[in-house]
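Structure, as structure tokens:
In the numbering used here, the protein residues as written are 1173 to 1541.
Structure (structure tokens):
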């Protein structure tokens, strides 16, 4: 897949801070349908060049705490039972952090440039269960985690350290052996696009996108916790000062909702408008979505909360009849089945990374006759 070009619908919304930053966001209109097409789906890569992998010579190596080290070709993988379902993907750095936090906490320049919710999307993925692949190698009782090695590598994009790092992430055994953790080779019914990990990527359903390693070439079963660069230096958050554990990893998606129609700045007719949006909560179901049209003074349950498929977002609708022309502040909030509701404020005010922002997001529209 060719990279989005400036002037197209997938025009980059985040300006690269250096030559290595590769982040393209879905335009607001691209989040209005249930499935985000491949050519509009967000891209978050760490280095300028994506790996070139020949599918004819591709080999996936599985080693470590296993009974036998094995290597599987792409054809070997395609012979295994296929799984196909929708998954909502969200980058851990999605959604803007309010200015009063960025100024006080010195949020990283990458995070500071996020203006919308476009570093996310919903797609249908197909592949094979990671559990089936691990069973071919025979996981030993000593296994604690599984580490996934991508073919992409380079200097750290944030600090410009010239030493190279490889993109590697790990999963605890329980998640690695979950039947819906898959090795994906199709996206929306097409072969996995190059910028999304062709020919094979990990797909960790219900978890933040950085866990789903692209251009997968190695699976290493470990007898210890993996402490690689992209586990301990990136995509984690500092806990509240004084906590016994200084930091924690981002795993499953937090409860969150957004309004997709109207978009910020849109002129809304006074005759009425069908508000619409999406809500999600990783591995948990959504219990309720509420809407406010007066800046959070009052809240009403949305009138329609559509069923979802597998790990995809919920789509919701609400018919709004404004009381009079003028400016209105819209916002929505979701509550999952565990009773957890979106916070009104940035959830990690002591941490300057800006990750995991699931706060309620207000924006203004104008109603005209």
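Note that beta-carbon positions come from the ideal geometry of N, C-alpha and C, so glycine has one too.
Residue i burial status per 10 Å Cβ neighbour count (16 or more: buried)
| i | result |
| --- | --- |
| residue 1570 | Summary: the structure shown does not reach residue 1570, with the chain confined to residues 1173 through 1541, and so no result is reported for it. |
| residue 1220 | exposed |
| residue 1374 | buried |
| residue 1419 | exposed |
| residue 1478 | exposed |
| residue 1216 | buried |
| residue 1409 | buried |
| residue 1602 | With the chain represented from 1173 up to 1541, any question about residue 1602 goes unanswered, as that position is not in the structure. |
| residue 1507 | buried |
Separation of residue j from residue i, as counted between CA atoms
| i | j | result |
| --- | --- | --- |
| residue 1395 | residue 1376 | 21 Å |
| residue 1441 | residue 1534 | 19 Å |
| residue 1323 | residue 1434 | 40 Å |
| residue 1509 | residue 1225 | 42 Å |
| residue 1236 | residue 1402 | 20 Å |
| residue 1369 | residue 1386 | 4 Å |
| residue 1443 | residue 1430 | 23 Å |
| residue 1197 | residue 1541 | 33 Å |
| residue 1248 | residue 1359 | 19 Å |
| residue 1494 | residue 1539 | 7 Å |
| residue 1379 | residue 1427 | 12 Å |
| residue 1274 | residue 1267 | Any reading at residue 1274 needs caution, since the residue's pLDDT is 47, under 50, leaving its predicted position unreliable; the model's value is listed next. Going by the C-alpha atoms only, they are around 13 Å apart. |
| residue 1527 | residue 1382 | 12 Å |
| residue 1537 | residue 1501 | 7 Å |
| residue 1473 | residue 1336 | 50 Å |
Residue i - partner residues in DSSP beta bridges
| i | result |
| --- | --- |
| residue 1196 | 1215 |
| residue 1391 | 1234, 1320 |
| residue 1528 | BP columns for residue 1528 are empty, so no partner. |
| residue 1509 | Partner(s): none; residue 1509 has no beta bridge. |
| residue 1289 | None; residue 1289 has no bridge partner. |
| residue 1503 | 1464 |
| residue 1408 | 1421 |
| residue 1326 | 1337 |
Exercise. How do the region 1299-1306 and the region 1247-1267 stand: do at least 3 beta-carbon pairs fall below 8 Å, yes or no?
Worked result: Contact holds: three or more Cβ-Cβ distances are below 8 Å.
Exercise. Is there contact between the region 1449-1464 and the region 1225-1234, where contact requires at least three CB pairs shorter than 8 Å?
Worked result: Segments in contact, no.
For this session: Counting only runs of 3+ residues fully inside the region 1411-1492, write out the beta strand (DSSP E) ranges in chain order.
Result: Correct list: 1419-1421, 1428-1433, 1439-1441, 1445-1452, 1458-1464, 1486-1492.
For this session: Would you check if there are 3 or more beta carbon pairs closer than 8 Å linking the region 1290-1298 to the region 1199-1206?
Result: Yes: at least three Cβ pairs fall under 8 Å.
Exercise. Can at least three beta-carbon pairs, one atom from the region 1393-1407 and one from the region 1351-1367, be found at a separation below 8 Å?
Worked result: Proximity of the region 1393-1407 to the region 1351-1367 falls short of the contact definition, fewer than three beta-carbon pairs being nearer than 8 Å.
Problem set entry | Runs of beta strand (DSSP E) wholly within the region 1350-1389 (minimum 3 residues, chain order) | You should have 1353-1359, 1373-1376.
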